[in-house]
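Reading through the structure tokens given below for one structure.
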Amino acid sequence: MAINSKNKGNTYERKIANVLSDRFAQHLGLDNGFVRNVDSGSYFGASNQTRLKSHILDNARFGDIVAPPSFKFVLECKHYKAAPSFTMMIKQDCKLFDGWIAQAQRDANNAGKRMMIIAKFNNVPDFVISDDQRNAFGRYNQFWMTSLSDWLAKADQDFFD
């Protein structure tokens, strides 16, 4: 039976929203501080960038996860079947990662925040792509890859203004 990739992505976004809500519940005093963005970037994303000029953006939600206003990052979530080849990573030339990073940077710039990609491939643990090199296990161009568990182990002040 074929897997619906949109449903797979939506399910992953909900999972990550729950993981973040659990991690930051004490800091926020909320059980559900993070939720999946029902627009999931589509309203202002990619071909809809022109909407940025005609809308008040004070309450706009960028990225795949709606986070508290003081959260420093715009979050993109990606769940794919197959990981990029080792050769692509060695050559630092992965069109998949390049597309993710371009999307995440665009949303982060529009929101005035930093970008963060949380990703997973089948049979590979969740990982983060960001500009923070602490606890990184790898690098892709100017960005660093960290396991999600190591990323979440950082202090609360690393995540909030």
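So in the working numbering, spot 27 of the sequence shown is number 27, and the numbers just go up one at a time. Positions of the beta carbon are idealized from the N, C-alpha and C atoms, including for glycine.
Query, Result
"According to DSSP, is LYS95 part of a helix, a strand, or is it coil?", "helix"
"Apart from the five residues on each side of it in sequence, which residues of its chain come closer than 6 Å, Cβ to Cβ, to CYS94?", "PRO84 and MET88"
"Taking Cβ to Cβ, would you say ILE101 is nearer than 9 Å to ILE16?", "no"
"What first and last residue would you give for the alpha helix (DSSP H) that runs through GLY9?", "5 to 28"
"From this set, ASN122, ASP161, LEU152 and GLN157, which residue's C-alpha is nearest VAL19's C-alpha?", "LEU152"
"At the level of alpha carbons, what is the spacing between ASN110 and ALA104?", "10 Å"
"On the DSSP bridge list, what partners appear for VAL74?", "MET115"
"Measuring only the C-alpha atoms, how far is PHE143 from GLN26?", "29 Å"
"If the criterion is Cβ atoms closer than 9 Å, does the pair GLY9 and CYS77 meet it?", "yes"
"Cα separation between SER5 and PHE24?", "28 Å"
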